[in-house]
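Chains as they are written, first to last, in my numbering: chain A, 6 to 118; chain B, 5 to 119. So the structure is just underneath, and the comments pick up after that.
Spelled out as structure tokens, the structure:
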């Protein structure tokens, strides 16, 4: 099976712009989770989608949003970018059963100038 | 709420030696899962090993094994016969059971294998 894929791999934006990141889970997986990784804050959970519904949400401002499509692909959107949004954004997928392990994609490196 | 603590920011060991990475956690959940993930310079997060809290037997995956002490809320990772490819950041993580996919990560331990 192909692994979790994320596009784009690298992105440079300026403050105030908005950005959309995409994640395609492993075939058959219905749950997609997003994480932000920064040197200062480490790995932080953003949100999780299961069958097109947001099931869990972390402590991030409303500028961070996401959605999931019927084919389980997920997008996250960050509006009004700030310098502090520069980070590696990781996506992970599972089949959605509570016994499952999350498998991660390679990440999208976002730089905000 | 769950918290995970890794008290060793950096470690180094000679190739072929054994190294143990420490992790402690706190959770109010009765059922939960614990994980060790490896993040090499490529930044790809790779699962190393996982442990179900209700299982008393320590998990083992080839050269990797854990020492799970539930009462002490300790979950250490032992790497035997270390190899150069083991050089990476290692993250300890916990996850509650029952439909909650959120992983709570520690701050990581940077492990360097010296040739």
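The beta-carbon is built from N, C-alpha and C at its ideal position, and this holds for glycine as well.
Asked                                                                                                        : Found
Through-space distance from residue 95 of chain B to residue 71 of chain A, alpha-carbon basis               : 25 Å
Chain A contact residues for residue 112 of chain B, given Cβ-Cβ distances below 9 Å                         : 47, 48
Test: residue 80 of chain A CB closer than 8 Å to a CB of chain B                                            : no
Length of the line joining the Cα atoms of residue 77 of chain B and residue 55 of chain B                   : 13 Å
Residues that residue 9 of chain A bridges to, as DSSP identifies them                                       : Answer is none; residue 9 of chain A lacks a bridge partner.
Contacts that residue 54 of chain B makes with chain A (C-beta to C-beta distance below 9 Å)                 : 106
C-beta neighbour in chain A for residue 6 of chain B, strict 8 Å                                             : no
Short Cβ contact (8 Å threshold) for residue 12 of chain B with residue 32 of chain B                        : no
Contact under 8 Å by Cβ, residue 29 of chain B with residue 52 of chain B                                    : no
Chain A contact residues for residue 47 of chain B, given Cβ-Cβ distances below 9 Å                          : 42, 93, 95, 111, 112, 114
Which listed residue (A:52, A:51, A:44, A:117) has its alpha carbon closest to that of residue 93 of chain B : A:44
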